[in-house]
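Below you'll find the structure, written out as structure tokens, and then a few comments.
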Amino acid sequence: MSKETIARDYANDLIFELEKAMWDERGKGGRFRLTTLGREFYRAKCRPRLQGRPDIEGIVATVLATLKENGITETLKVEQDGRLLKLRIGGCLHRPVEERMMARETKPFACVPANLVVLAIDEVLNRPAELAELKLEAGCCQALLVLFDERTT
Amino acid sequence: MTETYSLAEATMKVIQDRRSIRAWTDEPVSEEHLALILEAGRQAPSGENAQPWRFVVVKDETTRRKLGALSGGGSSRRFTAEYVTHQMHERFASLEDEEKKKAAFEKLTSGQVSQFSANAPVSILVCGKKDVWDMPYDTSAAIENMLLMITALGLGACWLIAPCIDIRDEEKTKELLGIPEGFKAVSVISFGHFTKQPRQRPRLPLNQLVFAERWGEAYYKEQV
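Heads up: the sequence lines are chains A and B, in that order.
Residues 1164 to 1316 (my numbering) make up the first sequence, in order.
Residues 60 to 283 (my numbering) make up the second sequence, in order.
Laid out in structure tokens, this is it:
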């Protein structure tokens, strides 16, 4: 990854405009076209660190460490209740994107940290997962994921 | 007794008779019928006459099964997400029969609702060339044309987006059927000789749908 950086506001403005354009064009179904958003980052930064077959907790810890090292989020807390996985993402640099979506009466529908966890669970554990809900709370975002059984084929 | 219709009446009858049919007999679809269905798709309108549609006819049992599994997986994820966030409960709030509601939830969240391609004698994957201006609209017109021809032939079909709507599933569908990068997997139409004709799903009345000159002023004051 290039060490050169661009202004955070500029990057988030572009992401907001692209997400909004996706929503305006595709409506609620737009979220299904952004389920792999962050995959290049996942492949470059997370995948090499996911050695062996870590459990869910281990996967989330690895994704968090990668996100923190790259200055993307500060915290990622996980709470599992059966097949539901609640992620609380704090200090995310993309938070202004979601706030601008809300200001335009559009529920946020894409989350890179949540996508990274979904991609990792799918690849490492061969278990599909789905981002069911994204909520903005004071100081953090809450992503609700659903876990499915390991694929048999 | 043979019924006779004007062209407009016959067209409306085909439109109104179309249903989403998900269960078929084993009877194969004839090549003559298949050719008519594909021809109906080919005759659809497209921006700049780009004709971006391409059709993959799937009859092979193994491929059908894989397509059914992909569709079921996609639907299961989508509807389970709806279920756990209670959006599904809101959608079915008017259904009072708890047993029926439970069965509907089970059918949706398990993905059974979309696995029917595995049992369809024929499925057509509709693909769209990306390097044209209006591909999603063009291919949707081709799909509707084919659905109407299927109905006119006395067959039954269901338009299925489950194996294509999520980018993760679309990638797998494209891989399964060898679709090149320059094309999008848009939808699947699964069809055959149906086992039963479901009732028509309700439609909103025109007086709730049509406005006069500007949004807001109903064109029809009463139900048409």
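Glycine included, C-beta positions come from ideal geometry on N, C-alpha and C.
Please read all numbers here as calculations on a predicted model, not as lab measurements.
Residue i - containing alpha helix (DSSP H), residue span
i	result
A:Gln1243	Segment 1238 to 1244 is the beta strand (DSSP E) holding A:Gln1243; no alpha helix (DSSP H) there.
A:Val1260	1258 to 1266
A:Arg1171	1171 to 1189
B:Ala57	With chain B represented from 60 up to 283, any question about residue 57 of chain B goes unanswered, as that position is not in the structure.
B:Ala201	194 to 211
B:Gln146	146 to 150
Through-space distance from residue j to residue i, alpha-carbon basis
i	j	result
B:Arg260	B:Lys280	24 Å
B:Val88	B:Arg123	15 Å
A:Leu1213	A:Thr1225	7 Å
B:Ile80	B:Val191	32 Å
B:Glu68	B:Arg77	14 Å
B:Pro222	B:Ala163	20 Å
B:Met194	B:Ala200	10 Å
A:Lys1208	B:Phe242	30 Å
B:Asp156	B:Arg137	24 Å
B:Lys188	B:Arg113	8 Å
B:Gly131	B:Lys160	19 Å
B:Val115	B:Glu272	42 Å
A:Arg1206	A:Glu1300	29 Å
B:Ala244	B:Leu184	7 Å
B:Glu165	B:Gln110	40 Å
Close beta carbons around residue i, own chain, < 6 Å, minus the five adjacent residues each side
i	result
B:Glu86	His252
B:Gln282	Pro264, Asn266
A:Leu1317	Absent from the structure is residue 1317 of chain A, since the part of chain A shown begins at 1164 and ends at 1316.
Own chain residues within Cβ distance below 8 Å of residue i, not counting five before or after
i	result
A:Leu1230	Thr1236, Leu1239, Pro1276, Leu1279
A:Gly1234	Leu1256
B:Leu206	Arg77, Ala216, Trp218, Ile248
Neighbour flag for residue i against chain D, beta carbons, 8 Å
i	result
B:Ser135	Chain labels in this structure do not include chain D; the protein chains are A and B.
Under 9 Å from the C-beta of residue i: neighbouring residues of chain A
i	result
B:Gly100	Under the 9 Å cutoff, chain A gives no residues; its nearest Cβ is about 23 Å from B:Gly100.
Closer than 7 Å at the beta carbon, the chain B residues around residue i
i	result
A:Pro1291	Gly132, Arg136
A:Ala1306	Here the premise fails: no neighbours, minimum Cβ distance about 11 Å.
A:Ala1295	Ala140, Val143, Thr144
Under 8 Å from the C-beta of residue i: neighbouring residues of chain B
i	result
A:Phe1204	Those within 8 Å of A:Phe1204 in chain B number zero; the least Cβ separation is about 16 Å.
A:Val1309	Arg136, Thr139, Ala140, Val143
Contacts around residue i, its chain only, beta-carbon distance under 7 Å, and the 5 residues preceding and following it disregarded
i	result
B:Lys72	Tyr64
B:Glu276	Phe270
A:Asn1289	Glu1313, Arg1314
Extent of the continuous beta strand (DSSP E) run through residue i
i	result
A:Lys1249	1247 to 1253
B:Phe138	It is not in any beta strand (DSSP E) - B:Phe138 instead sits in the alpha helix (DSSP H) that spans 120 to 143.
A:Ala1292	1292 to 1300
Beta-carbon neighbours of residue i, restricted to chain A and to distances below 7 Å
i	result
B:Arg227	Thr1198, Thr1199
Contact set between residue i and chain A, taken where Cβ atoms lie within less than 8 Å
i	result
B:Ile224	Gly1192, Phe1195
Listed by chain order, chain B residues near residue i by CB distance under 9 Å
i	result
A:Leu1250	Per Cβ cutoff of 9 Å: no residues; A:Leu1250 is ~14 Å from chain B at best.
A:Leu1247	Val143
Problem - the segment 1239 to 1257 of chain A contacting the segment 1296 to 1309 of chain A, beta-carbon criterion three pairs below 8 Å - result: yes
Exercise for the section: Count the CB pairs spanning the segment 124 to 142 of chain B and the segment 192 to 210 of chain B that are closer than 8 Å, and state whether there are at least three. Expected result: no
Practice task
Determine contact between the segment 95 to 114 of chain B and the segment 149 to 164 of chain B, defined as no fewer than three beta-carbon pairs at a distance below 8 Å.
Solution key: no
Exercise for the section: Tell me, please, whether the segment 131 to 150 of chain B touches the segment 101 to 111 of chain B by the rule of three or more beta-carbon pairs shorter than 8 Å. Expected result: no
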